[in-house]
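Each remark here refers to the structure printed beneath this line.
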Amino acid sequence: MSATLFESFKLNSTLTLSNKILMAPLTRCMADDELVPTQTMADYYARRADAGLIISEATIIRPDAQGYPNTPGLYTQAQIEGWKVVTAAVKEKGGKIFAQLWHTGRVAHSYFFPGGEVISASNLGLEGNLSRMRELTYQTPKAATTADISQLVEDYAIAAANAIEAGFDGVEIHGANGYLVDQFLHHSSNNRTDDYGQTPENMSRFALEVIDAISERIGSDRTAIRLSPGAYFNIEPDSRDRQVFDYLLSQLEPRNLAFIHLGIFDDSMEFDYLGGKASSYLRQHYNQTIVGVGSYTAETGSEAISNDKFDLLAIGRAFIANPDYVEKVRNGLELTEYEDGMLKELV
Ligand code: FNR
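Throughout, this note's numbering is defined as the position within the sequence shown, counted from one, plus 17.
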């Protein structure tokens, strides 16, 4: 029933995946205190190397990008060396791996970078407590100046070059789930009045600058982005966001990216202003490769691919519970059910 998932897929002239199952990016907070990936992480990823493509857990591009404890980085030589061990372990098993590049913007906390400032599109803060450090409350961010924006774009590009040096096959820009890139794309977090605010063209500018700087450095064939046109996490929806994504997707179409990956937890969610599911909206506005995700099983995901809803399927929680997910699905074996308690250990 899930045979479609086991067909190979040509992403572009340089990358062919051995099957259509991606391991979704999954933050596990288990890098060491210098935010260097560990041998345990290498073993964890290598056990999942039979996915068509692994997307790494979100990996910060510089210190003020951090909003969760022990998330790995890609800005020091030690972090690059740590990732080399991970990518080599995945390659030895015949796998492919992209790095997910992350700046959390206003979801960051200066607890992780003492003396530094939290930065975002605007000075509009989140309410409440950090999700994995409940004792900390969100801070009001500083609105990035245009000089800050130029530096951020450069730092994304440097992190992408570092990812290639570390042996990754490419990068996925984390433009989803209410983090920095997404904060520019939604009206509830962006009230700028300069070239980066108010109109769809301006609100898309930062995302496009990051994409172009990275593509120039490592090639568009190795550059992907994750997007959440439907606001559902760390951000409030606004019906005007629709026009921003309409414009952004029209601009991404000719850029020959490796893929666009939807960012969502449950793709049965419907968004009024998108006219239904976020995946259907993406399909209507983008004709290249789309990665679907969000509470799919191998069966429902395979059916969605067969019905042309998207091209590739990312699997998150089931990959935490089942290192041998691909093998189990291929052989029709029963899967272990995911539970939050499994996050305590890297198995
Ligand atoms: C996530 N997700 C996520 N997304 C992302 O873009 N970067 C990340 O680092 C993480 N981290 C993360 C950690 C944990 C513990 C969970 C459960 C989820 C979201 C993930 O990639 C995926 O979109 C969702 O889990 C939905 O897919 P499943 O789990 O329904 O297959």
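Yeah, the Cβ is synthetic: ideal placement off N, Cα and C, and Gly gets one too.
Put simply, of Arg123, Ile136, Ala160 and Pro131 the residue whose alpha carbon is nearest the alpha carbon of leucine 147 is Arg123. In the DSSP annotation of this structure, the continuous segment of the beta strand (DSSP E) that includes threonine 154 starts and ends at 150-154. Scanning its chain for C-beta atoms nearer than 7 Å, with the 5 sequence neighbours on each side dropped, one finds around serine 323 the residues Thr21, in chain order. For methionine 150, the closest of Thr163, Pro86 and His120 by C-alpha to C-alpha distance is Pro86. Ranked by Cα distance from phenylalanine 223, the first of Ile181, Ile252 and Asp172 is Asp172. Inside the region 233-289, DSSP marks whole beta strand (DSSP E) runs of 3 or more residues at positions 240-244 and 277-279, from first to last along the chain.
Note on geometry: alpha-carbon atoms of proline 89 and valine 188 lie some 15 Å from one another.
Within the model, the alpha-carbon separation for aspartate 81 versus methionine 47 is close to 18 Å. Distance check between leucine 363 and each of Leu52, Ser35, Met40 and Tyr62 places Tyr62 closest, using alpha-carbon atoms only.
Spatial neighbours of histidine 120 in its own chain (CB-CB distance under 6 Å, excluding positions within 5 residues in sequence) are listed in chain order as Ile78, Ala82 and Leu197. Judged by DSSP in its simplified three-state form, isoleucine 38 adopts strand. Of all alpha-carbon atoms in Pro54, Ile228 and Ile72, the one lying nearest the alpha-carbon of glutamine 268 is that of Ile228. Here DSSP, grouped into helix, strand and coil, assigns leucine 43 to coil.
Cβ atoms of serine 237 and leucine 202 stay farther apart than 8 Å, at about 20 Å.
Beta-bridge partners assigned by DSSP to isoleucine 307: Ile277.
By the C-beta density criterion, aspartate 258 is buried, having at least 16 other C-beta atoms within 10 angstroms. Here glutamine 215 carries a coil assignment [DSSP, helix/strand/coil]. By the Cβ-count criterion, serine 285 is exposed, with fewer than 16 other Cβ atoms from all chains shown falling within 10 Å of its own Cβ.
Assigned with DSSP and collapsed to three states, phenylalanine 23 falls in helix. Per DSSP, the unbroken alpha helix (DSSP H) holding glutamine 96 starts and ends at 94-109. Cα atoms of glutamate 109 and glycine 214: separation of roughly 46 Å, rounded to the nearest angstrom. Per DSSP, reduced to three states, the secondary structure at alanine 331 is strand. One Cα belongs to glycine 69, the other to threonine 210, and the distance between them is close to 43 Å. Closest in alpha carbon position to tyrosine 249, among Val53, Asp186, Ile235 and Asp199, is Asp199. Within the same chain, and ignoring the five residues on either side of glutamine 156 in sequence, the residues whose Cβ sits closer than 6 Å to its Cβ are Val135.
In this structure, DSSP gives phenylalanine 336 a helical state, which the three-state scheme calls helix.
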